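Notes to accompany the following structure.
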Amino acid sequence: MNGEKNPVVEIRKTVRGASPQLPYEEIARGILGRRYELSLVICGDPLAKRVNRAYRKKTHAANVLSFSLDAREGEMFLNARAAAREAKRFGVPLRARLALLFIHGCLHLKGLRHGPKMEREEARIMRRFT
Numbered sequence: 005m006n007g008e009k010n011p012v013v014e015i016r017k018t019v020r021g022a023s024p025q026l027p028y029e030e031i032a033r034g035i036l037g038r039r040y041e042l043s044l045v046i047c048g049d050p051l052a053k054r055v056n057r058a059y060r061k062k063t064h065a066a067n068v069l070s071f072s073l074d075a076r077e078g079e080m081f082l083n084a085r086a087a088a089r090e091a092k093r094f095g096v097p098l099r100a101r102l103a104l105l106f107i108h109g110c111l112h113l114k115g116l117r118h119g120p121k122m123e124r125e126e127a128r129i130m131r132r133f134t
């Protein structure tokens, strides 16, 4: 483990096109702590759909999927194509939508579930990082 730059966020991009740069490392550290290791896959609809079907038995391409591997390690699939569609639909910058989805996934890794508490945390963290 990298003792200096924890949490380690290893990013792998499987989708073509430019994605806005985000402070993934800083956001993850703020939510998950310094010792958490996160594998982030920035993907498109086909991979998001396959993963969603395999692990959640859902047939659509999710916008973000996060999986806790243990107390200090997780994996996240961030669907850049879905984020772009949603950003356009909601009238927000793509960077902001990607940030919210990444924050949402990190909060799931921390153990939060959908609801008012998660929404408050998302808003608080968005103010800090965007």
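Note that the sequence shown covers residues 5 to 134 in our numbering. Glycine residues also receive a C-beta, built at the ideal position from the N, C-alpha and C atoms. Predicted model only: the values in this text are computed from it and were never measured.
Query: Looking at the unbroken alpha helix (DSSP H) that takes in V55, where does it start and where does it end?; Result: D49 to R60
Query: Which whole runs of the beta strand (DSSP E) in the segment 12–39 are 3 residues long or more, in chain order?; Result: 12–17
Query: Apart from the five residues just before and just after G48, which ones in its own chain have a Cβ nearer than 6 Å to its Cβ?; Result: V19 and R85
Query: With 16 other CB atoms within 10 Å as the buried threshold, where does L36 fall?; Result: buried
Query: For the beta strand (DSSP E) that L73 lies in, which residues bound it at each end?; Result: V68 to D74
Query: Considering only the alpha carbon of each residue, which of R39, L102 and E123 lies closest to A22?; Result: L102
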